[in-house]
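Position in the sequence shown (first residue = 1) + 1 = UniProt numbering. Using N, Cα and C, we set each Cβ at its ideal position, and we do this for glycine too. None of these values were measured; they are calculated from a predicted model. Report on one structure; see the data block that follows.
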Amino acid sequence: PTIAVLGERAMGEHRVAMTPAALARFAKLGFAVLIEAGAGARAGFADAAYAAGGATIVPREEALASADVVLAVRPPQPADLAGVKQGTKLIGGLAPYADAARLGGYAGLGIDAYALELLPRTTRAQAMDILSSQANLAGYHAAVRAATELDRCLPMMTTAAGSIPAAKAFVMGVGVAGLQAIATARRLGAIVSATDVRPEVREQIQSLGAKPVFEEIREGDEVTKAAGGYAGEMSEGYRQRQAALVSGHIAAQDIVITTALIPGRPAPRLVSDAQLASMKPGSVIVDLAAESGGNVEGSVAGETVERHGVKIVGLVDGASRLAVDASNLFARNCYNFIEAYWNKADKALAMPADDALIAATLLTTGGHIVHQRFAPAAA
Ligand code: NAD
């Protein structure tokens, strides 16, 4: 079969869904690889590097006309897939919650679209998990970005001219991105603390050398655990006490990094305007949820704004700014997904609809939206 990789057309997107390293793996399985001319340029991968690995460099229309599989970092518009064969598998980051009309467009093209962000948080799916691989890099970038925006240094320094105290950084939301933000801010020398709605992440925070900021759990603070590794709910009483604790804590920080995302829903508000006003002028907030509405009141996706003297970075492209590593991990995620369904004897893909990971990710097939969460309600 033939696998095609197109240049990403989303504004500011530097990543690419195939890298020379991943190409070698696909070739070994038995795939012919077509690369749209220039597809890897913004990630620093020249056409020649793909060609040296055995790929054929072709114009977009040619790639689409021959592809059995198309990989994408961000969802292509259906109009940008004109000429694709029916039954071609589109695999990658397809942002299924963002745009219902686009899913209808994929169905209209007759392609099988697999949204890898819908993979469950299971051991089997871990190596294919694009949200994790990209969130890890975004968390790293968030800490580095905060450090460069701050007009102070992060580590404590003792100099002949006097000593400099370490800066304080607070990470809100300790998932994959938050953990990497904590580790990175620590490496840069900040005094780091963190919180989450899931009290069970305390030990993970401590193991990275940071301070957990959690109200003590009392009787009646029942926790309902949500499925799939995502955040569950704490009681109202606990939430109020926790909010008061966090408010006092935010006021003392130089850096706050927020990372709370809930797939398919607007981002929860973690920092209010009043809390911003309580911070020292010159403090920096990096909001990793800016694209889905923001964790911070007043944050603007893709921009740095100032409120009450506090800089708020509405970060949207943390992983894209690390395009080399992000592309390598993304391409490897795609490879791991495809390899799991590769039939060596037939040299063909077999993706049974009743397989858990296929059922979780398959959006469209046979001209219809088939995913239970996105299919139009039956009349
Ligand atoms: P996420 O992007 O869904 O959210 C980031 C963090 O924000 C989460 O820890 C969440 O609890 C927290 N959060 C949500 N609302 C909040 C609020 N109002 N205040 C404070 N914090 C809030 O998280 P993620 O990076 O996708 O990871 C979620 C969990 O899933 C983690 O435990 C992670 O280790 C696990 N995980 C497992 C796998 C796997 O096993 N395959 C893969 C990825 C993640």
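Give me the Cβ distance between residue i and residue j, rounded to the nearest whole Å; I'm assuming they're in contact under 8 Å.
i, j, result
"Ala320", "Gln78", "About 21 Å; that fails the 8 Å criterion."
"Thr20", "Ser328", "5 Å"
"Val285", "Leu151", "5 Å"
"Thr365", "Ala108", "4 Å"
"Gly238", "Gly210", "Not really, about 31 Å apart at Cβ, beyond 8 Å."
"Val272", "Glu304", "In fact, because the Cβ distance is near 16 Å, the residues do not count as touching under 8 Å."
"Lys212", "Ala191", "That pair is no contact at about 11 Å."
"Gly88", "Gly111", "7 Å"
"Ala278", "His309", "4 Å"
"Val85", "Ala73", "Going by Cβ atoms, the distance from Val85 to Ala73 rounds to 12 Å, so no, they are not a contact pair."
"Tyr98", "Pro264", "7 Å"
"Leu120", "Asp113", "Actually they do not touch by this definition, with Cβ atoms about 16 Å apart."
"Val175", "Ala186", "The pair is not a contact, with the Cβ atoms about 12 Å apart (cut-off 8 Å)."
"Leu35", "Ala64", "4 Å"
Helix, strand or coil: which one does DSSP assign to residue i?
i, result
"Leu24", "helix"
"Ser236", "coil"
"Ala73", "strand"
"Gly316", "In the sequence as presented, Gly is not what sits at residue 316; that position holds Leu. DSSP places Leu316 in coil when its eight states are reduced to three."
"Glu292", "helix"
"His250", "helix"
"Gly179", "helix"
"Arg266", "coil"
"Val325", "helix"
"Gly308", "According to the sequence as given, residue 308 is Arg; it is not Gly. Strand."
"Thr260", "coil"
"Leu35", "strand"
"Leu350", "strand"
"Ala56", "coil"
"residue 1", "In the structure as shown, the chain starts at 2 and stops at 380, and residue 1 therefore has no counterpart that could be examined."
"Leu7", "coil"
"Leu30", "helix"
"Leu330", "helix"
"Leu65", "helix"
"Leu271", "coil"
"Met12", "coil"
Would the beta-carbon of residue i be found less than 7 Å away from any heavy atom of the ligand NAD?
i, result
"Leu358", "no"
"Ser300", "no"
"Gln207", "no"
"Arg203", "no"
"Ser248", "no"
"Ile251", "no"
"Met235", "no"
"residue 1", "No statement about residue 1 is possible, as the shown extent of the chain runs from 2 to 380 and does not include it."
"Ser134", "no"
"Arg333", "no"
"Leu262", "yes"
"Thr196", "yes"
"Val287", "no"
"Gly295", "no"
"Pro269", "yes"
"Arg122", "yes"
"Ala341", "no"
"Val177", "yes"
"Arg188", "no"
"Asp130", "yes"
Using the Cβ count rule (16 or more neighbours within 10 Å means buried), how would you classify residue i?
i, result
"Ile258", "buried"
"Gln373", "exposed"
"Ala147", "buried"
"Asp355", "exposed"
"Asp197", "buried"
"Met352", "buried"
"Ala143", "buried"
"Ala380", "The predicted model places Ala380 with a pLDDT of 47, which falls under 50 and marks its position as unreliable, so this point remains unresolved."
"Gln241", "exposed"
"Gly41", "buried"
"Glu234", "exposed"
"Gly45", "exposed"
"Pro76", "buried"
"Gln181", "buried"
"Glu199", "Per the sequence shown, the amino acid found at residue 199 is Arg instead of Glu. So Arg199 ends up on the buried side."
"Ser208", "exposed"
"residue 396", "Given a span of 2 to 380 for the chain in the structure shown, any question on residue 396 remains unanswerable."
"residue 382", "Shown here, the chain extends from 2 to 380; a query on residue 382 therefore has no answer."
"Ser293", "buried"
Is there a C-beta anywhere in chain B that falls below 8 Å from the one on residue i?
i, result
"Ala324", "Annotation note: the requested chain B is absent from the structure, which comprises a single protein chain."
* To do: Any chance you could list the beta strand (DSSP E) runs of at least 3 consecutive residues sitting entirely within the segment 78 to 146, in chain order?
  => 90 to 93, 113 to 116
* Completely contained alpha helix (DSSP H) runs for the segment 149 to 220, where each covers 4 or more residues -> 177 to 188, 203 to 208
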